[in-house]
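Top to bottom, those sequences are chains X and S.
Each residue of the first sequence is one higher than the one before, counting from 1014 in my numbering.
Each residue of the second sequence is one higher than the one before, counting from 13 in my numbering.
Using N, Cα and C, we set each Cβ at its ideal position, and we do this for glycine too.
The model shown is predicted, which means the values in this text are computed figures rather than measured ones.
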Amino acid sequence: GEDVEQSLFLSVREGDSSVINCTYTDSSSTYLYWYKQEPGAGLQLLTYIFSNMDMKQDQRLTVLLNKKDKHLSLRIADTQTGDSAIYFCAETPYSGAGSYQLTFGKGTKLSVIP
Amino acid sequence: DAGVIQSPRHEVTEMGQEVTLRCKPISGHDYLFWYRQTMMRGLELLIYFNNNVPIDDSGMPEDRFSAKMPNASFSTLKIQPSEPRDSAVYFCASRTTSGGYSYNEQFFGPGTRLTVL
Chain X
1014 GEDVEQSLFL
1024 SVREGDSSVI
1034 NCTYTDSSST
1044 YLYWYKQEPG
1054 AGLQLLTYIF
1064 SNMDMKQDQR
1074 LTVLLNKKDK
1084 HLSLRIADTQ
1094 TGDSAIYFCA
1104 ETPYSGAGSY
1114 QLTFGKGTKL
1124 SVIP
Chain S
13 DAGVIQSPRH
23 EVTEMGQEVT
33 LRCKPISGHD
43 YLFWYRQTMM
53 RGLELLIYFN
63 NNVPIDDSGM
73 PEDRFSAKMP
83 NASFSTLKIQ
93 PSEPRDSAVY
103 FCASRTTSGG
113 YSYNEQFFGP
123 GTRLTVL
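Here is the structure:
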């Protein structure tokens, strides 16, 4: 079955870059995602990458995908205190009925030190 | 649009009581998902519906859990009887497959924090 692993905690200083890593097991994943959960709120899609891409950049966010190693990373440049949240890696497994499901990692809690 | 609406936001109940969680998806969305979030197990998919029909309930922990979607704008998750190990945050999410989007953006509600004493 599918499995998504990520470290649970990351602490960075304001202004530094944050890198959150994730590994997954399903080689047939079509899309991989980063969702963000702020305190007391639900998850919100932050960015996603299609499996035939190596990199995607969106303002301060850079997503890197290494399909060979099944490794996904999210880099946040110039990290701000407002970036403090839990970041979830997720994948869409490729199977007819399951293609609408998301398999989530346990989330990485990012703490930004002022 | 108000987004996905869940009620109540907090529920405290005693073991053995029936608990009903409610969800209103975003209008026009044809998929609805129920998740449970705990520190130990992270985010687990319990069940999801497509056009009000349950598609996969393999994540429902046991017969004490049941979910319904009587119409496109309302779903319930019921736990009867509740147990302390059911304490968690329960999220509802919805998505649309119209508009040609091939990626899977699910819109989450704020969650219901359930505490079973």
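*Evaluate Leu1021/X with the Cβ neighbour count: other Cβ atoms within 10 Å of its Cβ, from every protein chain shown; 16 or more gives buried, anything less gives exposed.*
Classification for Leu1021/X: exposed.
_Cβ neighbours of Val31/S in the same chain (closer than 8 angstroms, five flanking residues each side left out)_ = Only Glu23, Thr25, Lys90, Ile91, Gln92, Ser94, Asp98, Leu126 and Val128 meet the Cβ criterion.
*How would you list, in chain order, the residues of chain X whose beta-carbon sits under 7 angstroms from the beta-carbon of Phe103/S?*
Neighbours of Phe103/S on chain X, chain order: Gly1055.
*Over the uninterrupted beta strand (DSSP E) stretch that includes Met1068/X, give me the two end residues.*
For Met1068/X, the enclosing beta strand (DSSP E) covers residues Met1068 to Asp1071.
*What does Leu1058/X touch in chain S if you count any residue whose Cβ is under 7 angstroms from its own?*
Residues of chain S whose Cβ lies closer than 7 angstroms to the Cβ of Leu1058/X are, in chain order, Glu117.
*Compare the C-beta of Val31/S against all C-beta atoms of chain X and say whether one is closer than 9 angstroms.*
Taking Cβ atoms only, chain X never reaches closer than 9 angstroms to Val31/S, which makes this a no.
*Short CB-CB distance (under 9 angstroms) between Thr1105/X and chain S*: Answer yes: the Cβ-Cβ gap between Thr1105/X and chain S drops below 9 angstroms somewhere.
*asked:* I want to see whether chain S comes within less than 9 angstroms of Tyr1100/X, judged by CB atoms only; does it?
replied: Cβ-Cβ to chain S under 9 angstroms: no for Tyr1100/X.
*Any idea if Phe119/S is buried or exposed, counting beta-carbon neighbours within 10 angstroms, 16 or more meaning buried?*
Under the 10 Å beta carbon count, Phe119/S is surrounded by 16 or more other beta carbons and is classified as buried.
*Could you work out which residues of chain X lie near Leu57/S, taking near to mean beta carbons separated by less than 7 angstroms?*
Residues of chain X passing the Cβ test: Gln1114.
*Are any of the Cβ atoms in chain X nearer than 9 angstroms to that of Pro73/S?*
Chain X, which has no Cβ nearer than 9 angstroms to the Cβ of Pro73/S, makes this no.
*Using the Cα positions of Asn63/S and Phe86/S, report the straight-line distance between them to the nearest angstrom.*
Going by the C-alpha atoms only, they are around 11 angstroms apart.
*Reducing DSSP to helix, strand and coil, say where Tyr47/S ends up.*
Per DSSP, reduced to three states, the secondary structure at Tyr47/S is strand.
*Cβ of Leu1115/X within 9 angstroms of Cβ of Phe103/S?*
Taking 9 angstroms as the cut-off, the beta carbon of Leu1115/X is found no closer than this to the beta carbon of Phe103/S.
*Mind checking Lys36/S: buried by the 16 CB within 10 Å criterion, or exposed?*
Under the 10 Å beta carbon count, Lys36/S is surrounded by 16 or more other beta carbons and is classified as buried.
*Using a Cβ-Cβ cut-off of less than 7 angstroms, give me the residues of the stretch 32-45 of chain S that come near chain X, in sequence order.*
So the close ones are Tyr43.
*Just how far apart, CA to CA, sit Pro20/S and Thr108/S?*
Near 24 angstroms, if we compare the C-alpha coordinates of Thr108/S and Pro20/S.
_In this structure, how does DSSP classify Gly1118/X when only helix, strand and coil are distinguished?_
Coil, per DSSP.
*Under 9 angstroms between C-beta atoms, does Gly123/S make it to chain X?*
With 9 angstroms as the cut-off, Gly123/S counts as an interface residue toward chain X.
_Only counting the same chain, and skipping five residues up and downstream in sequence, which positions put a Cβ closer than 6 angstroms to that of Ile67/S?_
Closer than 6 angstroms at the Cβ level, and outside the excluded window around Ile67/S, lie Tyr60.
*Thr88/S: first and last residue of the uninterrupted beta strand (DSSP E) it sits in*: Taken as a continuous stretch (DSSP letters only), the beta strand (DSSP E) holding Thr88/S covers Phe86 to Ile91.
*Shortest alpha-carbon distance to Gly54/S belongs to which of Val1125/X, Pro1127/X, Ile1126/X and Thr1121/X?*
Thr1121/X is the residue among Val1125/X, Pro1127/X, Ile1126/X and Thr1121/X whose C-alpha sits nearest the C-alpha of Gly54/S.
*asked:* Less than 9 angstroms between the C-beta atoms of Val1125/X and Asp1096/X, yes or no?
replied: Yes. Within cutoff.
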